[in-house]
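Number of protein chains: 2
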Amino acid sequence: MDEIPGFADIEAAAAQIAGHAVRTPLLDNAVLNDVTGREVFVKPEMLQRSGSFKFRGAYNRLSRLNAEEREQGVVAWSSGNHAQGVAAAAAMLGVRARIVMPDDAPAIKRDNTLALGGEIVGYDRYSQDRETIARELVARDGGVIVPSYDDPWIIAGQGTAGLEILNDAHAQGVHLDALLVCCGGGGLTAGCALAAAELSPDTAVYAVEPEGYDDHARSLQSGRRESADTSKSSLCDALLTPSPGKLTFAINQGLLAGALVVSEDEVRAAMRFAFRELKLVVEPGGAVALAALLSNKLPACHERVAVMLSGGNVDPDLFAEVLS
Amino acid sequence: MDEIPGFADIEAAAAQIAGHAVRTPLLDNAVLNDVTGREVFVKPEMLQRSGSFKFRGAYNRLSRLNAEEREQGVVAWSSGNHAQGVAAAAAMLGVRARIVMPDDAPAIKRDNTLALGGEIVGYDRYSQDRETIARELVARDGGVIVPSYDDPWIIAGQGTAGLEILNDAHAQGVHLDALLVCCGGGGLTAGCALAAAELSPDTAVYAVEPEGYDDHARSLQSGRRESADTSKSSLCDALLTPSPGKLTFAINQGLLAGALVVSEDEVRAAMRFAFRELKLVVEPGGAVALAALLSNKLPACHERVAVMLSGGNVDPDLFAEVLS
């Protein structure tokens, strides 16, 4: 594959994951329409295998390893959702998976990764570099690195979620004015933007980020890849990436309508709304796009809007605390 | 309509609610398959308008009121989910809805009913009879009573959930060995049993009840409608009906494979499983069928099983307590 994936790569990824990934539905909710004054469609990727969209890209990459690569296994770094996606895909394909994961990752993500047969290599997020650790593991024992976003197979795999949204909307006779995507490293956003560029070029695609990790928003403004201060903590553990990826930013810079930023209070309110009205369990990082919609950050001209709920791997204690 | 509805009435109800009710998907989950050792399909009716399957029957009934009846409005009794379903349907059709609801109904159900424009008439569940109160309201002010289960339109409406399960399974090339349905008064169970009897007669349909309210289980054994001791409390507020309905029992007696009973601990464990693995918010009464599956109450011969998750209207405090 060329470095920058194209629409054909997303279609190929859709064929590759068919029958292995969950074909998640496109939902609508009367209360959500009422409170926003728009026609809203929700893509519930917490229903995906491993509890987030990450399985899509992971399976698309791992299922294309050659025999020698499968023998060596894979190495990845992840705050937890890519870890579970890689571990799930690796288990299905009989491949060893080692994951470099921060020591402060949510327990549910660590436990699920282990339950899926993944091997966790812990590190301190504030003093150690996860990519260096991963490359050392590969240098020592061999194995193929599976990046969490800056990889054409991963971007194409995540893009299948956008492809499904656009196809399902089209099947319902709906033209989407906007698509809101939760954004960390930008792989899901880039994949969705590529899908929209082909299938519905006048649908405005927005990246949504949490306060403190608004590196896409600032990068889109400055025109170059800006960094986040990774010494800061955030409720949105899934979105704590240091900067947009090279590949993902090259795509997103050309295709996004903009980037929106939400506060932690807005994220918590979105999680409560999802509990109370949508009856879906959304993790903080998976709720930022909904938070942007509910806090009215989207231009009023976008009447028909799809919102990605990208994952639901949240510790029960934190979820209970958010509800209370 | 004849007193006992038939399959044609379910098909007519499906046409009647199309475009008004949510066409909920049929989901599968790898972890659920793994832990049960079966191929399991989940019908997430908490995603339905008003947060439970009850909207189906309510809309099917209310949309058939004649002009004079619409003018008079409707009166219903409900522990909360039928209330919300009736209130939602009434609001869409411009009909007044008065609901007799116990004073100890969950706050979320009361609040949602009011938010939907329903008028609540409270009563004490332990000392007053809700049907008497409803009939007095009608005698005084007029209006049409909309029973919560013992009514052919209601049964046919709820049966559309079963129709969708069987149609979606068929479209995936799956023959269901069993279908587990949460059971209070038996309307959803009867509707699903009627749908299965036509579309998949060798699918075993089971009613699932909570301990203390196992009146269907005992009625199926004795061959006559047995009563529950309604002085007892239960976590499953949606299923506290005094006995099987006349119509629903006439249907269920002939069509069910059996009834299963689950404990409160099993219900809590099912709610936690749904949170952790399915990422769905399930209320206690909506979790009994999943609880029966997870606690292995179903004969091992049923390899392909569909499970109804009938609602998700649960107070955040209770949900947080169950998670902890």
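Here the protein sequences line up with chains A and B, keeping their order.
Once you know that position 208 of the first sequence is 208 in the numbering used here, the rest is easy, because the numbers rise by one and skip nothing.
Once you know that position 196 of the second sequence is 1196 in the numbering used here, the rest is easy, because the numbers rise by one and skip nothing.
For every residue, glycine included, the Cβ atom is placed at its ideal position computed from N, Cα and C.
As the structure is a computational prediction, the values presented were derived from the model and not from experiment.
{"Query": "Beta-carbon neighbours of Gly312 of chain A, restricted to chain B and to distances below 8 angstroms", "Result": "Lys1279"}
{"Query": "For Leu1180 of chain B, three-class secondary structure by DSSP", "Result": "strand"}
{"Query": "Residues from the stretch 1039-1071 of chain B in contact with chain C, defined by Cβ distance under 7 angstroms", "Result": "Within the model displayed, chain C is absent; protein chains A and B are what it includes."}
{"Query": "Same chain, Cβ closer than 8 angstroms to Asn1029 of chain B, five either side skipped, listed in chain order", "Result": "Val1040, Val1042, Glu1277 and Leu1278"}
{"Query": "Contacts of Asp1028 of chain B in chain A (Cβ-Cβ under 9 angstroms)", "Result": "Val22"}
{"Query": "Rounded Cβ spacing between Phe1053 of chain B and Gly1311 of chain B (contact assumed at less than 8 angstroms)", "Result": "7 angstroms"}
{"Query": "For Ala1021 of chain B and Val1288 of chain B, the rounded distance between their alpha carbons", "Result": "23 angstroms"}
{"Query": "Under 8 angstroms from the C-beta of Pro1316 of chain B: neighbouring residues of chain A", "Result": "Arg272, Phe275, Arg276, Leu323 and Ser324"}
{"Query": "Closer than 7 angstroms at the beta carbon, the chain B residues around Pro25 of chain A", "Result": "Pro1025"}
{"Query": "CB of Asp1124 of chain B within 8 angstroms of CB of Lys1246 of chain B, strictly", "Result": "no"}
{"Query": "Inter-stretch contact (C-beta, 8 angstroms, three-pair minimum) for the stretch 261-281 of chain A and the stretch 223-236 of chain A", "Result": "yes"}
{"Query": "Neighbour-count burial assignment, Lys1109 of chain B, 16 or more Cβ in a 10 Å radius", "Result": "buried"}
{"Query": "Given Thr1036 of chain B as reference, the closest of B:Val1307, B:Ala1306, B:Ala1320 and B:Asn1296 once Cα atoms are compared", "Result": "B:Asn1296"}
{"Query": "For Gly286 of chain A, three-class secondary structure by DSSP", "Result": "helix"}
{"Query": "Pro106 of chain A to Ala1089 of chain B span [Cα, whole Å]", "Result": "41 angstroms"}
{"Query": "CB contact flag (Gly1006 of chain B, Leu1188 of chain B, <8 angstroms)", "Result": "no"}
{"Query": "Residue span of the beta strand (DSSP E) that contains Gly258 of chain A, given as start and end", "Result": "Gly258 to Val262"}
{"Query": "The stretch 1069-1086 of chain B in contact with the stretch 1131-1146 of chain B per 3-pair CB rule at 8 angstroms", "Result": "yes"}
{"Query": "Interfacial residues, the stretch 1079-1099 of chain B to chain A, with Cβ spacing under 7 angstroms", "Result": "none"}
{"Query": "Proximal chain A residues relative to Ala1320 of chain B, where beta-carbon distance stays under 7 angstroms", "Result": "Ala320, Leu323 and Ser324"}
{"Query": "Among A:Ala115, A:Pro242 and A:Gly223, the one whose alpha carbon lies nearest that of Lys232 of chain A", "Result": "A:Pro242"}
{"Query": "Collapsed DSSP secondary structure at Ile18 of chain A in the structure displayed", "Result": "A quick correction: the sequence has Ala, not Ile, at residue 18 of chain A. Ala18 of chain A falls in the coil class under three-state DSSP."}
{"Query": "Endpoints, the alpha helix (DSSP H) within which Ala228 of chain A is located", "Result": "It is not in any alpha helix (DSSP H) - Ala228 of chain A carries neither H nor E in the DSSP assignment."}
{"Query": "Range of the contiguous beta strand (DSSP E) that encloses Leu1116 of chain B", "Result": "Careful: Leu1116 of chain B lies outside any beta strand (DSSP E) and carries neither H nor E."}
{"Query": "Neighbourhood of Glu283 of chain A by C-beta distance below 7 angstroms, restricted to the same chain and skipping five residues each side", "Result": "Ala238, Gly311, Gly312, Asn313 and Val314"}
{"Query": "Own chain, CB closer than 6 angstroms to Ala1097 of chain B, minus 5 neighbours either side, in chain order", "Result": "Val1074, Val1086, Ala1087, Ala1090 and Gly1118"}
{"Query": "Cβ neighbour criterion (16 or more within 10 Å) applied to Gly1173 of chain B", "Result": "exposed"}
{"Query": "8 angstroms contact criterion, which Ala1250 of chain B and Ile1004 of chain B should meet: CB distance rounded", "Result": "6 angstroms"}
{"Query": "Environment of Gln1084 of chain B [buried if 16+ CB atoms lie within 10 Å]", "Result": "buried"}
{"Query": "Start-to-end residues for the beta strand (DSSP E) that takes in Lys43 of chain A", "Result": "Glu39 to Pro44"}
{"Query": "Distance CB(Leu1309 of chain B)-CB(Leu1290 of chain B) smaller than 8 angstroms", "Result": "yes"}
{"Query": "Cβ-heavy atom distance, Thr1132 of chain B to the ligand COA, below 7 angstroms", "Result": "For the structure depicted, the ligand COA is absent and the ligand set is empty, with no information on it obtainable."}
{"Query": "Range covered by the alpha helix (DSSP H) that runs through Ile1099 of chain B", "Result": "Here Ile1099 of chain B belongs to no alpha helix (DSSP H); instead the beta strand (DSSP E) covers Ala1097 to Pro1102."}
{"Query": "Ala1076 of chain B (DSSP reduced to helix, strand or coil)", "Result": "strand"}
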